[in-house]
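Structure record follows, encoded as structure tokens.
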Amino acid sequence: DAGVIQSPRHEVTEMGQEVTLRCKPISGHNSLFWYRQTMMRGLELLIYFNNNVPIDDSGMPEDRFSAKMPNASFSTLKIQPSEPRDSAVYFCASSLLAATNTGELFFGEGSRLTVL
Amino acid sequence: DQQVKQNSPSLSVQEGRISILNCDYTNSMFDYFLWYKKYPAEGPTFLISISSIKDKNEDGRFTVFLNKSAKHLSLHIVPSQPGDSAVYFCAVGGTYKYIFGTGTRLKVLA
Numbered sequence: 014d015a016g017v018i019q020s021p022r023h024e025v026t027e028m029g030q031e032v033t034l035r036c037k038p039i040s041g042h043n044s045l046f047w048y049r050q051t052m053m054r055g056l057e058l059l060i061y062f063n064n065n066v067p068i069d070d071s072g073m074p075e076d077r078f079s080a081k082m083p084n085a086s087f088s089t090l091k092i093q094p095s096e097p098r099d100s101a102v103y104f105c106a107s108s109l110l111a112a113t114n115t116g117e118l119f120f121g122e123g124s125r126l127t128v129l
Numbered sequence: 284d285q286q287v288k289q290n291s292p293s294l295s296v297q298e299g300r301i302s303i304l305n306c307d308y309t310n311s312m313f314d315y316f317l318w319y320k321k322y323p324a325e326g327p328t329f330l331i332s333i334s335s336i337k338d339k340n341e342d343g344r345f346t347v348f349l350n351k352s353a354k355h356l357s358l359h360i361v362p363s364q365p366g367d368s369a370v371y372f373c374a375v376g377g378t379y380k381y382i383f384g385t386g387t388r389l390k391v392l393a
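From first to last, the protein sequence lines stand for chains A and B. Read in order, the letters of the first sequence correspond to residues 14 to 129 in this note's numbering. Read in order, the letters of the second sequence correspond to residues 284 to 393 in this note's numbering.
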């Protein structure tokens, strides 16, 4: 079974450039999450979608960050313009969330972003 | 404002002994409490969970304890094995939103 697929695995870019991270969730899952991992703050929730609709984007740092989910099998997280402080590992996770389950999230392997 | 705290950034334990990882949270409205394990260069993977109506859940060597009055969650691993060396994240939340702690790096010494 294919898990959550993220690309690219590594991205090195220069300050001011646009960065697009991609995610393919597990087929059949109805919720998708973007998390950012840093040493200081651990895993921070940036945004989550339910049935392709953004439900909570309160974790998105600022207007430079945007996320879309045009269909059930694809999502993007875009940073424009990128800054050195955006350097982190970005994880996408998906889940089949319902009122009766525990909400286990399935994570991709992450995209390590370095902004010089 | 950190709603979920793992106050020990690292922990070292001898193989065969018990590992105890702790997690504190502030919001009493959370319904589910989970532990994830993360190896380097991989995404976190689900380990064990507990709902707010229970105080203990056991799965093999792993047991999660929930103390709702203290808003405290712990993970016990016994016996600890070298393969358990990883970063452990607690996560708390409800139906749609899960907040993670900052993680505890566990090192099991052979």
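Ideal placement from N, C-alpha and C gives every residue a C-beta, glycine not left out.
Between A:Gln-19 and A:Met-52, the alpha-carbon positions lie close to 21 Å from each other. In the structure shown, A:Arg-98 falls within a helical segment according to DSSP collapsed to helix, strand and coil.
Within the stretch 39-119 of chain A, the complete beta strand (DSSP E) segments of 3 residues or longer fall at 44-51, 55-63, 66-69, 78-84, 87-92 and 101-108, listed in chain order.
Residue environment: A:Glu-117 is assigned as buried (16 or more neighbouring CB atoms within 10 Å of its CB, all protein chains considered).
B:Gly-299 carries a coil assignment under DSSP once its states are collapsed to helix, strand and coil. Assigned with DSSP and collapsed to three states, B:Asp-342 falls in strand.
The distance from the Cβ of B:Ser-302 to that of B:Ser-363 is about 5 Å, consistent with a contact at the 8 Å cut-off. Within the same chain, and ignoring the five residues on either side of A:Phe-78 in sequence, the residues whose Cβ sits closer than 6 Å to its Cβ are Ile-92. Among the residues facing chain B, A:Leu-56 is included, as its CB has a counterpart in that chain under 8 Å away. Against chain B, the beta carbon of A:Leu-118 has neighbours under 9 Å at Leu-317, Tyr-319, Pro-327, Phe-329, Ala-374 and Tyr-381, listed in chain order. Take B:Glu-298, set aside five residues on each side of it, and the residues of its chain with a beta-carbon closer than 7 Å to its own are Ser-363, Gln-364, Pro-365, Val-391, Leu-392 and Ala-393, in chain order.
A straight-line Cα-Cα distance of about 6 Å links A:Gln-30 and A:Ser-95.
Between the alpha carbons of B:Gly-326 and B:Ser-352 lies a gap of roughly 32 Å. For B:Thr-309, the number of other beta carbons within 10 angstroms of its own is below 16, and it is reported as exposed. Under the 8 Å criterion on CB atoms, A:Glu-75 is classed as non-interfacial with respect to chain B.
Comparing alpha-carbon positions, the option among A:Leu-129, A:Ser-107, A:Lys-37 and A:Asp-69 lying closest to A:Ala-101 turns out to be A:Leu-129. Counting other Cβ atoms within 10 Å of its Cβ, A:Glu-24 reaches 16 or more and is therefore classed as buried. Sequence-distant Cβ neighbours of A:Thr-89 in its own chain, meaning closer than 6 Å and more than five residues away, are Thr-33, Arg-35 and Lys-81.
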